[in-house]
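Asker: Using the numbering used here, count along the sequence shown one by one with no gaps and you end on 288.
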Amino acid sequence: MSTLSPSAKLDELMGREQRKTPGWIGDAIYGVNDGLGAIFGIITGVAGYTGNNHTILVSGFFGALASTLSMAAGAWLATRSENELLDKAFHEAKRDIEQNRDREVQILSLIYETRGFEPHEAKEIAERIAKDDELFLQTMAQEKHGIHEASRGNAWGAAFYGGLSTFIGGVVPLIPFFFMHGLAAILTAAAVSLAAHFVVGALKSLVTVRSWWSSGIEMTIAGVIVGVVSYLLGLAGSHVL
């Protein structure tokens, strides 16, 4: 017979579900997605403007570096902002409890009534929860403000995984230019990039409800559009500038 408390059992079960798709996987997939799309657009645009292998490689590399820093900073700021909103919600929940505890118990009871409990059942549950200050605060933060402490993210972790994956995605289209030159390098880069687009799109199915092939095809089509439009704009620019 298990000796775990209900909260420990819940943590164990929720932990098993969370381990199926760790949070950082989503950050990494979207980072690769952004890096791949942005740098593929840059190199095709520059390739349309000039066929110079060195110029394409340098432009792509610094584009990847800029995208990496931008993604890392954006992920850090976004996670920090989300955590600050959580802190504000917990602060408001704590303030409301301190100012009028009975009113908050009544609110919690009414919340449970709207979920199908009989009035006396809802009142009993709310009063029982209110006996534990920490549990009461956590419950009101979740039920009244819609937030949970488990939603708190790691800003530095988000920045690391977001930035690193963006750089990896950005480097992929550049690989052929280290070994090839001219049209062959451009065509190979396009093939590699579109294949990577499909793989990244398929991997997105890990964090969405889309099928892997549908998500992969959609991502590939987006890559084709980005590449063609960027190349044509670059080609047009070479005749105007």
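Using N, Cα and C, we set each Cβ at its ideal position, and we do this for glycine too.
Would you kindly report the start and end of the unbroken alpha helix (DSSP H) that includes Glu-174?
Answerer: Unbroken alpha helix (DSSP H) run through Glu-174: 166-177.
Asker: Quick one: measure Cβ to Cβ for Ala-136 and Val-152, integer angstroms, because I've assumed they're closer than 8 Å.
Answerer: Between Val-152 and Ala-136 the Cβ distance is about 19 Å, and since that is not below 8 Å, they are no contact.
Asker: What ranges does the alpha helix (DSSP H) occupy inside the segment 80-137, keeping only unbroken runs of at least 4 residues that lie completely in it?
Answerer: Those alpha helix (DSSP H) runs which fall completely within the segment 80-137 and span 4+ residues do not exist here.
Asker: Using the Cα positions of Leu-100 and Leu-124, report the straight-line distance between them to the nearest angstrom.
Answerer: The amino acid occupying residue 100 in the given sequence is Asn; Leu does not appear at that position. Each residue's alpha carbon lies about 36 Å from the other.
Asker: Express the C-alpha separation of Lys-141 and Asn-376 in angstroms, rounding to a whole number.
Answerer: Shown here, the chain extends from 48 to 288; a query on residue 376 therefore has no answer.
Asker: Using a threshold of 8 Å, state whether the C-beta atoms of Ala-237 and Thr-126 are closer than that.
Answerer: No, these two residues do not count as a Cβ contact at 8 Å.
Asker: I need the straight-line Cα distance from Arg-148 to Gly-204, nearest angstrom please.
Answerer: Computed Cα separation, rounded: 37 Å.
Asker: Which residue comes first and which comes last in the alpha helix (DSSP H) that contains Met-266?
Answerer: Where Met-266 is concerned, the enclosing alpha helix (DSSP H) stretches over 259-287.
Asker: Do you know offhand how far Gly-274's Cα is from Gly-92's?
Answerer: Cα-Cα distance, rounded: 8 Å.
Asker: Taking the C-alpha atoms as reference points, what is the distance between Pro-220 and His-195?
Answerer: Distance between the alpha carbons of Pro-220 and His-195 is about 40 Å.
Asker: So, at 7 Å on beta carbons, what are the nonlocal neighbours of Tyr-278 in its own chain, with the 5 sequence-adjacent residues on each side left out?
Answerer: Same-chain partners within the cutoff: Thr-91, Gly-92, Ala-94, Gly-95.
Asker: Is it buried or exposed for Thr-161, if we count other Cβ within 10 angstroms and need 16 for buried?
Answerer: Thr-161 comes out exposed.
Asker: Can you list, in chain order, the residues of its chain whose CB lies under 7 Å from that of Met-227, leaving out five sequence neighbours each side?
Answerer: Around Met-227: Thr-235.
Asker: For Arg-199, which of Ser-128, Ala-242, Tyr-208, Asp-179 has the nearest alpha-carbon?
Answerer: Among Ser-128, Ala-242, Tyr-208, Asp-179, the Cα nearest to that of Arg-199 is on Ser-128.
Asker: For Ile-103 and Thr-255, what's the separation of their Cα atoms in angstroms?
Answerer: Each residue's Cα considered, the two are about 34 Å apart.
Asker: Just to confirm my understanding: we take Ala-232, look at its own chain, exclude 5 residues before and 5 after, and list those with CB closer than 7 Å. What are they?
Answerer: Taken in chain order, the residues that qualify are Asn-100, Pro-223, Phe-224.
Asker: Going along the chain, which residues of its own chain have a beta-carbon closer than 8 Å to the beta-carbon of Arg-66, five neighbours each way excluded?
Answerer: In this prediction, Arg-66 has a pLDDT of 48, which is less than 50 and means its spatial position is unreliable; nothing more can be read from the coordinates.
Asker: Quick one, are the C-beta atoms of Ser-240 and Ala-249 less than 8 Å apart?
Answerer: No; because the gap between Cβ atoms is not below 8 Å, this pair is not in contact.
Asker: Under the three-state reduction of DSSP, which class applies to Arg-289: helix, strand or coil?
Answerer: There is simply no residue 289 to check, as the chain begins at 48 and stops at 288 in what is shown.
Asker: With a 10 Å radius around its C-beta and 16 neighbouring C-beta atoms as the bar for buried, classify Val-247 as buried or exposed.
Answerer: Buried is the call here.
Asker: For the putative contact between Gly-73 and Phe-214, defined by C-beta atoms under 8 Å, what is the C-beta separation to the nearest angstrom?
Answerer: Between Phe-214 and Gly-73 the Cβ distance is about 17 Å, and since that is not below 8 Å, they are no contact.
Asker: Only counting the same chain, and skipping five residues up and downstream in sequence, which positions put a Cβ closer than 8 Å to that of Thr-115?
Answerer: Here the set comprises Gly-82, Gly-210, Leu-211, Thr-213, Phe-214, Gly-217.
Asker: Could you spell out the range, first to last residue, of the alpha helix (DSSP H) harbouring Met-227?
Answerer: Here Met-227 belongs to no alpha helix (DSSP H), and DSSP marks it neither H nor E.
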